[in-house]
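**Q** Basically the working numbering = 1-based index in the sequence shown + 107. Note that CB positions come from ideal geometry on N, CA and C, so glycine has one too. Please read these numbers as outputs of a predicted model, since none were measured by experiment. This is the structure I have questions about; it appears just below.
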Amino acid sequence: MSAPTVAPAFPPEVIDGPRLRIPARDYLLLRGPARPGKAGGAADLLPGWSRTINSPNLIWPADGAWFVATEIDLPWTGIAGSAALIEALRDDAELDVEETVRRAIGPAGGRAP
Numbered sequence: 108m109s110a111p112t113v114a115p116a117f118p119p120e121v122i123d124g125p126r127l128r129i130p131a132r133d134y135l136l137l138r139g140p141a142r143p144g145k146a147g148g149a150a151d152l153l154p155g156w157s158r159t160i161n162s163p164n165l166i167w168p169a170d171g172a173w174f175v176a177t178e179i180d181l182p183w184t185g186i187a188g189s190a191a192l193i194e195a196l197r198d199d200a201e202l203d204v205e206e207t208v209r210r211a212i213g214p215a216g217g218r219a220p
């Protein structure tokens with residue numbers, strides 16, 4: 108008996124749609140409200156068997172007021188936004204917030220002078 112065929116998580120118009128490509132990453136671009144459950148409308152893995160998909164790796168609102176990047180290989184999430192947003196995150200006792208220093212990246216990933 109062979110294993111059942113598993114359909115792609117998303118329909119062809121999503122799979123073949125716009126993507127964000129950066130070194131070592133290839134992201135599907137989805138638009139719409141963030142909802143718990145089936146991330147981006149992902150189909151079940153098999154009938155009645157939900158597909159396990161974590162939260163989106165990159166999210167931002169239409170106005171670009173903030174940006175969230177969840178690292179897929181490491182246990183951290185980066186958040187960029189206004190000083191007020193960052194201060195509110197720092198003030199939340201339930202969060203482990205570490206400030207990072209932004210550095211310019213030059214050609215081929217090296218530091219800019």
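#1: Roughly how many angstroms separate the alpha carbons of residue 123 and residue 210, rounded to a whole number?
#2: Could you compute how far the alpha carbon of residue 155 sits from the alpha carbon of residue 194?
#3: Considering only the alpha carbon of each residue, which of 182, 186, 181, 151 lies closest to residue 174?
#4: Helix, strand or coil: how does DSSP classify residue 191 here?
#5: Beta strand (DSSP E) containing residue 175: first to last residue?
#6: Tell me the DSSP secondary structure of residue 197 in three-state form.
#7: What does DSSP give as the partner residues of residue 165 in its beta bridges?
#8: Nearest to residue 115 by CA position, among 199, 166, 138, 151, is which residue?
#9: Taking the C-alpha atoms as reference points, what is the distance between residue 207 and residue 118?
**A** Reading from the atomic positions:
#1: Straight-line Cα distance between these residues: approximately 34 Å.
#2: A straight line joining the alpha-carbon of residue 155 with that of residue 194 spans about 43 Å.
#3: Closest option to residue 174, Cα to Cα, is 186.
#4: Looking at residue 191 - three-state DSSP - the assignment turns out to be helix.
#5: Per DSSP, residue 175 is one residue of the beta strand (DSSP E) stretching across 174-177.
#6: Residue state, collapsed to three classes: helix.
#7: In the DSSP output, where bridge partners are listed per residue, residue 165 has 176.
#8: A check of alpha carbon separations from residue 115 across 199, 166, 138, 151 identifies 151 as the nearest.
#9: Each residue's alpha carbon lies about 38 Å from the other.
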